[in-house]
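Start counting the sequence shown at 0; every next residue gets the next number (numbering that gives the first Met the number 0).
Positions of the beta carbon are idealized from the N, C-alpha and C atoms, including for glycine.
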Amino acid sequence: MRLRRRSAVAGILAATTLIASAPIGASASPAGPAPAAATPLTGERPADDYAFVDNRGGRAAPSSAQRSLVRDDHLVTRWNKLGTPASVTPVRGPLASGLKGDAQAVARAYLKSSVRLFALRSAAVDDLETVAQTKVGAGTVVLMRQRYGGLPAAHDGLVAVAVKGGDVLRVTSTLSPRTAKPAAARLQAADALEAALTDAGISRGELADSRVRLVAVPMPGAEPRAAYQVVVLSKDADHPLGYTTYVDAIDGKVLLRENLVNFAEDDPHWKVFPATPPPNGADTRQTWCATTATGCSRQVLDPATGKPWDVDATTGTPTFTTTGNSAESVRLWGNGTPAVPATTKPDREYVYPFTNQWNAGKCNPESLTSPEQADVDAATANLFAMHNRMHDWSYKLGFTEATWNLQKVNTLPYGKGGDAERGNAQQGAATATIRNNANQNTPPDGMQPVTNMYMWQPFAGAAYPPCVDGDFDMTVIGHEYSHAISNRMIAGPDSGISSTQGGAMGESWSDLIAMEYLFESGYTPRGNTPYVTGGYVTGDLATGIRNYDMSNSPLNYSDYGYDRGSAVHSDGEIWSATNFDVRRAFIARYGSGTRAQQESCAAGTTPATECPGNRRWAQLVFDSFLLAATGSISMLDMRDNMITADALRFDGANADLLWNAFAARGMGAGASSGPSDADPVASFASPYAQNAEVTFKALGEAAGKPVRLYVGDYDYGAAPIADTDPATALPETVTLAPGTYRFLAIGAGFGHKRFTQTVYPGVTGQIGVVMPTNLASAAAGATITGDGTDPGRLTDDAEGTAWTATGGAAGRQVTVDLPADTAKLVSRVQLSAFPGAGASTSTMYSTVRQFEILTCNAAAGADCASDTGYRVAYTSPANAFDTGPFRPKVPNLVLKSFTVRPTLATHVRLRILSNQCTGNPLYAGEQENDPRSSTDCATSSPAATSAVAAEFQVFSS
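In structure tokens form, the structure reads like this:
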């Protein structure tokens with residue numbers, strides 16, 4: 000489908016982008032289907048519809064007097080755009096100690112003692128209102144909010160203080176030093192709603208829900224402004240829109256816009272797939288019951304009400320369908336069909352037939368009008384049960400009424416209620432193109448969040464999942480629900496995640512939390528390991544929706560932006576890899592426990608201090624959310640929050656473990672970054688390790704020449720940690736914690752060299768890499784001609800610049816005239832199929848799959864200006880760049896080395912034999928029974944007509 004609107008206001012990519020922001024699909028014509036707007040799920044960037052917009056402008060700098068107060072080496076401080084500390088964190092020990100009173104009194108006492116640092120008056124501290132006091136182990140996180148002339152601060156103006164006894168351990172804040180009473184509002188609330196709807200591109204007829212209230216918005220370098228906080232949600236489930244917009248109450252201008260959508264008594268019974276269905280589609284569902292009984296695999300009760308899931312807490316009576324206090328699920332097929340819950344069951348036996356019809360029928364749309372109706376009742380009941388399970392499990396980790404969870408009725412005196420999770424099962428199934436998607440729309444506390452789950456279907460040149468129903472993949476359902484957890488728990492009840500690094504972590508937390516729920520519950524989803532997100536829906540059992548299995552990832556902080564540019568899903572995998580390391584280290588220290596221990600901890604009957612390592616890690620993740628006073632967060636902010644949470648919950652017993660794990664992934668003691676930095680500065684040093692000082696040296700023909708050193712596998716998007724160029728600010732010597740590292744060295748004229756080296760504790764050493772001349776490099780004197788508009792991109796020693804040739808993939812070629820007139824020995828080539836910076840998903844299908852190398856020796860008399868002078872020196876395997884099911888992914892396309900039969904040559908030719916679209920059997924043929932679309936990439940996708948490669952390198956050794 001086409002996106003209907005583009006924001007007129009430029010803004011940074013929203014941190015709350017979804018698993019998939021707009022569905023993909025094909026046109027109704029089987030002759031040449033064109034997928035609709037591709038989605039982040041299939042590798043695309045989200046549209047401006049989901050951007051975070053901040054029109055307040057400017058940035059207030061802290062004064063020299065403020066900066067002078069944090070010059071001590073033991074203090075780590077970052078500044079927010081209002082000119083006060085974004086975070087104040089000691090590397091060791093508390094910020095302050097010996098303060099008197101309860102947690103709130105201690106927090107206020109610290110702030111009063113630090114008014115010069117925060118540029119506040121003492122009276123302004125007294126005026127702070129307490130939003131929440133949340134217990135974290137033996138400590139408390141006190142969240143307070145500024146008020147300006149009686150109006151509560153919105154978006155900013157919050158401070159979170161971690162208190163343990165009389166000690167303050169960490170502070171995060173968006174406090175403003177400007178606290179004057181705002182000018183009175185001139186606009187009416189109705190005017191503000193109209194302004195917000197116009198900005199959102201939502202018509203009155205499309206408005207599903209809204210909320211308007213008068214607040215005050217802190218302004219950088221200026222007094223706060225009275226504004227209306229307008230929450231709007233659209234009815235359109237095909238392309239859901241939801242925003243919190245702050246409209247200036249004086250002139251009606253939009254100050255800020257936050258995206259809300261993230262783009263997986265009696266004894267009632269539910270029959271469900273706990274994780275995912277098996278490959279053969281057999282009905283292996285379990286029966287879950289409200290009362291333990293023979294034949295029931297699990298007892299399930301709402302921990303908030305103590306009642307079965309289907310009980311309406313306002314009446315205390317059953318609903319007899321997929322509606323309850325914590326969730327309600329409906330089918331939402333679209334095309335004018337109504338939203339309805341599963342078939343009513345007066346006996347409360349929610350045991351609906353499952354025939355695996357969508358899969359067995361290969362996406363045949365006639366299944367929807369068959370008696371089985373594509374198993375929609377089973378799907379709706381499954382979604383309802385899984386949402387309830389996520390509610391119940393996360394409740395024991397701290398996602399309760401006090402932290403703004405999702406419930407129709409709040410049984411405790413916290414929060415607003417009225418916001419049970421709405422699940423739309425088989426969303427858009429009646430259309431031809433709304434597929435391969437999942438998303439979560441999470442408005443502020445008291446407004447109903449909505450998740451959309453979709454059917455999955457292959458489309459030519461877009462995505463190749465099996466014909467399955469996303470309502471049965473708990474890795475995706477849990478992922479989407481977890482967006483509500485992180486967005487509600489971070490920054491109080493009215494704000495959510497708003498920075499790009501925050502958005503990346505939001506995607507990661509959703510993967511991690513869904514994984515941990517399944518692990519603790521004893522369920523294993525489809526995948527080569529239990530740590531794959533979306534293996535069932537994508538058919539990719541190695542990495543699922545993602546580029547990597549989170550338990551086997553090479554990514555680190557310096558790789559930020561590695562997948563064609565900064566994007567929340569791929570960059571979130573950096574946080575996933577890091578947190579999986581932390582989790583693994585906790586398990587190594589505290590064990591993984593028995594099944595009974597895991598269940599006891601998940602049920603909350605065993606405290607976290609006595610639980611296995613994985614549960615301790617999960618508890619720290621939830622605790623860390625509460626320490627964020629703003630949704631504008633960086634990965635380093637949340638690193639510090641986890642370390643502080645460990646001090647609150649476990650008396651700091653795991654500071655060494657945390658620091659060492661973060662340092663190994665580039666988030667060590669010297670790292671620095673803002674919340675939306677696309678090029679964070681990585682550090683691999685830990686304050687708890689015997690770090691080594693290591694000097695990088697280029698050897699061989701590159702000795703004395705400028706060469707860059709990277710940690711990891713990536714060139715484009717990654718930031719080097721050292722280089723040998725005296726003209727740059729990067730040093731040759733870096734500090735590294737002990738360990739084995741994967742390195743990449745790149746030099747103009749010398750190409751790419753990947754290698755692995757171990758760094759030993761406390762040893763001053765050298766990283767030396769021998770780099771021969773890249774004979775095909777323009778920097779070495781080579782020239783290139785051939786097909787395509789810019790073949791020179793193949794010879795610039797950089798993967799970020801890609802060459803494209805049209806007119807069909809097979810036979811597209813370029814010829815490199817090697818330096819000098821004498822023949823050179825050619826024995827090895829390197830080729831990259833990286834699609835280039837900012838490339839679309841469709842371009843991934845045009846990247847080279849098979850190729851051949853031809854050589855010509857003009858020095859021996861051959862005519863290198865004619866095809867007759869060339870001989871084939873090497874033909875690659877048919878799967879030289881082998882990509883898996885679902886779609887091509889960047890890790891499969893980066894530069895590889897190929898040995899060529901040694902030959903003397905003055906010219907070397909690269910000829911493409913196939914691309915991923917024309918040569919990959921996984922993307923060939925008709926793979927479904929939907930007459931409205933086509934799946935054969937070679938005949939039905941424009942990707943078949945192009946060849947794409949990023950780098951071609953030639954070596955004598």
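How big is the Cα-Cα spacing for residue i and residue j?
i      : j      : result
GLY31  : THR788 : At GLY31, the pLDDT of 34 sits below 50, so the modelled position is not reliable; the number obtained from the coordinates is stated separately. Cα to Cα, the separation comes out at about 26 angstroms.
ALA14  : VAL899 : Legend: pLDDT at ALA14 = 26, less than 50; position of this residue unreliable, no value from coordinates given.
GLY592 : ARG741 : 33 angstroms
VAL90  : PRO61  : 22 angstroms
TRP357 : ARG525 : 18 angstroms
HIS482 : LEU698 : 48 angstroms
PRO686 : ALA221 : 39 angstroms
ASN436 : SER498 : 23 angstroms
GLY612 : THR605 : 13 angstroms
SER366 : ALA373 : 5 angstroms
SER896 : GLY703 : 25 angstroms
ASP714 : LEU511 : 27 angstroms
ARG614 : SER507 : 17 angstroms
THR803 : GLN829 : 18 angstroms
ALA215 : VAL140 : 24 angstroms
ASP126 : GLN145 : 7 angstroms
VAL889 : TYR922 : 17 angstroms
GLY24  : LEU240 : Confidence is the limiting factor: at GLY24 the pLDDT is only 27, short of 50, which leaves the residue's position unreliable, though a coordinate-based value still follows. Near 20 angstroms, if we compare the C-alpha coordinates of LEU240 and GLY24.
ALA627 : GLY501 : 11 angstroms
THR197 : THR577 : 41 angstroms
CYS362 : MET452 : 16 angstroms
PHE51  : PRO267 : 43 angstroms
ILE249 : ALA195 : 14 angstroms
VAL581 : VAL158 : 27 angstroms
List the residues that DSSP assigns as beta-bridge partners of residue i.
i      : result
GLN439 : ASN261 and THR450
PRO464 : DSSP lists no partner for PRO464.
GLY750 : GLY746
ALA698 : It is Leu, not Ala, that sits at residue 698 in the sequence shown. Paired residue(s): VAL769.
PHE850 : ILE911
HIS906 : ASP816 and CYS855
Note the first and the last residue of the continuous alpha helix (DSSP H) segment covering residue i.
i      : result
ILE586 : 567-589
THR537 : 534-537
HIS386 : 375-394
ASP510 : 499-520
GLU193 : 188-199
THR842 : 840-843
TRP287 : Element bounds for TRP287: not the alpha helix (DSSP H) but the beta strand (DSSP E), 285-288.
Since residue i and residue j should fall inside the 8 angstroms C-beta cutoff, what is the C-beta to C-beta distance between them, to a whole number of angstroms?
i      : j      : result
TRP403 : GLY417 : No, TRP403 and GLY417 are not in contact; Cβ-Cβ is about 12 angstroms, not under 8 angstroms.
PRO705 : ASP722 : 6 angstroms
ASN914 : ALA877 : Contact flag wrong, Cβ pair sits at about 12 angstroms.
TRP287 : VAL271 : 6 angstroms
THR528 : SER550 : 6 angstroms
ASN261 : GLY630 : Between GLY630 and ASN261 the Cβ distance is about 12 angstroms, and since that is not below 8 angstroms, they are no contact.
VAL87  : LEU81  : Their Cβ separation, rounded to whole angstroms, is 15 angstroms, which puts VAL87 and LEU81 out of contact at 8 angstroms.
Is DSSP giving residue i helix, strand or coil here?
i      : result
ILE484 : helix
ASP650 : coil
ASP125 : helix
ASN527 : coil
LEU254 : strand
ALA27  : Only weak support exists for where ALA27 lies, its pLDDT of 28 falling under 50; the coordinates are left without a value.
ILE489 : coil
PRO930 : coil
TRP269 : strand
GLU798 : coil
ALA221 : strand
PHE319 : coil
Grab the span of the beta strand (DSSP E) containing residue i for me, first residue to last.
i      : result
LYS823 : 823-831
VAL733 : 732-735
THR874 : 870-874
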